[in-house]
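Visitor: Residue numbering for the sequence shown follows the numbering used here, starting at 661 and increasing by one per position.
The beta carbon of each residue, even a glycine, is placed where N, CA and C say it ideally should be.
This is the structure, below, for whatever I ask next.
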Amino acid sequence: MRSIYSPARLVWPLNKIIRILLLSQALILFSAFAISKTAVAQVIDNNTQESTSVIIEEEPLDEPTLDSQLEPPAPAYIPDMQNPQSALGVSPAIIEIILDPGQSTTEIVTVFNITNFPIPVKGLAHNFTVNEKLSLTEDQANIFNASQWIGLEPADFILQPNQEQEIIVTINTPENAEPGGHYATVYFQPLIPAEFISQQNTFLTARVGILTFFIVKGDIREEANIKNLLTKNLHQSGPIIFDVPIINTGNVHIIPTGFVTIKNMAGKETAKLEISKGAVLPGTERILTAQWPKKLLFGKYSAQVAITYSADNRISQSPEITFWVVPWVMIIIIILSLTVVYLLLTIMRTRIVLALKILLGKADPKDVRITRSSRSSKN
661 MRSIYSPARL
671 VWPLNKIIRI
681 LLLSQALILF
691 SAFAISKTAV
701 AQVIDNNTQE
711 STSVIIEEEP
721 LDEPTLDSQL
731 EPPAPAYIPD
741 MQNPQSALGV
751 SPAIIEIILD
761 PGQSTTEIVT
771 VFNITNFPIP
781 VKGLAHNFTV
791 NEKLSLTEDQ
801 ANIFNASQWI
811 GLEPADFILQ
821 PNQEQEIIVT
831 INTPENAEPG
841 GHYATVYFQP
851 LIPAEFISQQ
861 NTFLTARVGI
871 LTFFIVKGDI
881 REEANIKNLL
891 TKNLHQSGPI
901 IFDVPIINTG
911 NVHIIPTGFV
921 TIKNMAGKET
931 AKLEISKGAV
941 LPGTERILTA
951 QWPKKLLFGK
961 YSAQVAITYS
971 ADNRISQSPE
981 ITFWVVPWVM
991 IIIIILSLTV
1001 VYLLLTIMRT
1011 RIVLALKILL
1021 GKADPKDVRI
1031 TRSSRSSKN
């Protein structure tokens, strides 16, 4: 009869423990993969949400974006004829002029018909509003509204297929205009007959707009400050997003530039992140962002942001903040895996030691059987 303490019988706890260890390692690797996949998906999602357009707007939006003013306008905006987004194109995208009180000046803009049928077009100037937190009353906000200064000639016209039309934009600055920035948007709206419109081509009614930035000479104040740099106190992994709230307390728009500096627990600089670009209008608060793309992080970090925002490169700096990066899911899985292994080793310690002695030739299975039999007879 085969002994229950044969080497093959005694070795099975080792095989079982090896399988458990391999299973624990697989669980750890799977968790790391899941965390990494989530982080990558978050980065892709953030990147896909960053595209904006200043010229094309769908009805009835009245709030153009500021971001496109950061790039020099193209000589003309002509959408792809194979995949049009609007019936119209316009050039330039931005008008920026420095004016004297009481001054009258003109600019030329060009509107394009990119369809294969005639389009009636209506032009108008509108108050420039943005999706920002205003710290002004309505009367104070009207100080920066320049829509009443603008005249268009012609304001109503018809564009033949693939035709372009030059429009004279006249800016009449009031004598009592406040020094600083004044803003408006010039829209061109296609008036397409209803028979040309269906659910498949409603994009043809989208209007195009030109952002206008006027700076009236005088007491120009470029002033801004940063609220606290914002991020979560505890992160599981990267990438890490920082919000940079900037308040423009001056009387002219600013385009801040700057960096978020990150240091580790030892005080050593580990990363320097450029903040996103964007204009901040007078009397408004805008949140710019910075992203730390590194995914494998651990420990306590500190961060601080500094921006420059004026012609003389004045600097505003935020207080230093601290945050933690702790991959707690991974840590929990490792702890649980080690606990299971420890319990198994503790429970089967005697059999494991015996199996090792037999494998190493330090014990005879027959002696083990005799010892086992004697213990049974005593009981």
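Give me the Cα-Cα distance between D903 and S978, rounded to the nearest whole angstrom.
Guide: Going by the C-alpha atoms only, they are around 12 Å apart.
Visitor: Can you tell me the Cβ-Cβ gap for V920 and L933, rounded? I've got them flagged as a contact below 8 Å.
Guide: About 4 Å separates the two Cβ atoms, so the contact holds.
Visitor: Is Y961 helix, strand or coil by DSSP?
Guide: Of the three classes helix, strand and coil, the one that applies to Y961 here is strand, per DSSP.
Visitor: Using the beta-carbon count (16 or more within 10 Å), is L1020 buried or exposed?
Guide: So L1020 ends up on the exposed side.
Visitor: If I follow the unbroken alpha helix (DSSP H) through I935, where does it start and stop?
Guide: No alpha helix (DSSP H) contains I935, which DSSP labels as neither H nor E.
Visitor: Give a yes or no on whether the C-beta atoms belonging to I914 and Y969 are separated by under 7 Å.
Guide: Closer than 7 Å, so yes.
Visitor: Starting from Y843 and walking both ways along the beta strand (DSSP E), at which residues does that stretch end?
Guide: Counting along the chain, the beta strand (DSSP E) containing Y843 begins and ends at G840 to P850.
Visitor: Report the residue ranges of all beta strand (DSSP E) runs contained in full by the region 859-894; include only those spanning at least 3 residues, in chain order.
Guide: Entirely contained in the region 859-894, the beta strand (DSSP E) runs reaching 3 residues are, in chain order, 867-876 and 884-886.
Visitor: Restricting to Cα atoms, I'd like to know which of Q964, P761 and P987 is closest to L841.
Guide: Here the sequence assigns Gly to residue 841, which means Leu is not the residue at that position. The shortest C-alpha separation from G841 is found at P761.
Visitor: Just mark A837 as buried or exposed, buried being the case when its beta carbon has 16 or more other beta carbons within 10 Å.
Guide: The residue is buried, with at least 16 neighbouring Cβ atoms inside 10 Å.
Visitor: What would DSSP say about V1000, mapped onto helix, strand or coil?
Guide: If DSSP states are grouped into helix, strand and coil, V1000 belongs with the helices.
Visitor: With 16 other CB atoms within 10 Å as the buried threshold, where does V771 fall?
Guide: Label assigned to V771: buried.
Visitor: Rounding to the nearest angstrom, what Cα-Cα distance links I922 and P905 in this structure?
Guide: In a straight line, the C-alpha of I922 is about 18 Å away from that of P905.
Visitor: Is DSSP giving S807 helix, strand or coil here?
Guide: Three-state result, S807: helix.
Visitor: Can you grab the Cα-Cα spacing for the pair G943 / L894, in whole Å?
Guide: Roughly 33 Å between the two C-alpha positions.
Visitor: Which residue comes first and which comes last in the alpha helix (DSSP H) that contains T1010?
Guide: Residues R1009 to L1019.
Visitor: Figure out for me which residue from G927, F777, A753 and N832 has the closest Cα to the Cα of Q820.
Guide: Ranking G927, F777, A753 and N832 by Cα distance to Q820 puts F777 first.
Visitor: Quick check on the DSSP output: the beta strand (DSSP E) that includes D903 runs from which residue to which?
Guide: Here the beta strand (DSSP E) through D903 covers I900 to N908.
Visitor: Quick one: residues in its chain with C-beta nearer than 8 Å to the C-beta of E929, no 5 flanking neighbours on either side, listed in chain order?
Guide: Contacts found: T921, I922 and K923.
Visitor: Rounded to a whole number of angstroms, what is the C-alpha to C-alpha distance between F873 and S962?
Guide: Each residue's Cα considered, the two are about 38 Å apart.
Visitor: Grouping DSSP H, G and I as helix and E and B as strand, with all else coil, what is V989?
Guide: Three-state DSSP puts V989 in a helix.
Visitor: Since F983 and K892 should fall inside the 8 Å C-beta cutoff, what is the C-beta to C-beta distance between them, to a whole number of angstroms?
Guide: F983 to K892, Cβ: 7 Å. Contact.
Visitor: Does the beta-carbon distance from V829 to V750 come in below 7 Å?
Guide: No.
Visitor: Do you know whose CA, among E826, Q951 and N787, lies nearest W809's CA?
Guide: Cα-wise, what sits closest to W809 is N787.
Visitor: So what's L956 in DSSP terms, helix, strand or just coil?
Guide: Looking at L956 - three-state DSSP - the assignment turns out to be coil, as it is neither helix nor strand.
Visitor: Assuming A939 contacts T909 (C-beta within less than 8 Å), just tell me the rounded distance between them.
Guide: Not a contact, Cβ separation roughly 15 Å.
Visitor: Measuring only between beta-carbons, confirm whether L812 sits less than 7 Å from chain B.
Guide: Absent from the structure is chain B; it holds one protein chain and no more.
Visitor: Consider the C-beta atom of H842 and the heavy atoms of the ligand COA; say whether any pair is separated by less than 6 Å.
Guide: Although the ligand COA was asked about, the structure shown includes no ligands whatsoever.
Visitor: Based on the DSSP secondary-structure assignment, which residues constitute the bridge partners of V781?
Guide: V781 is bridged to F817 and P850.
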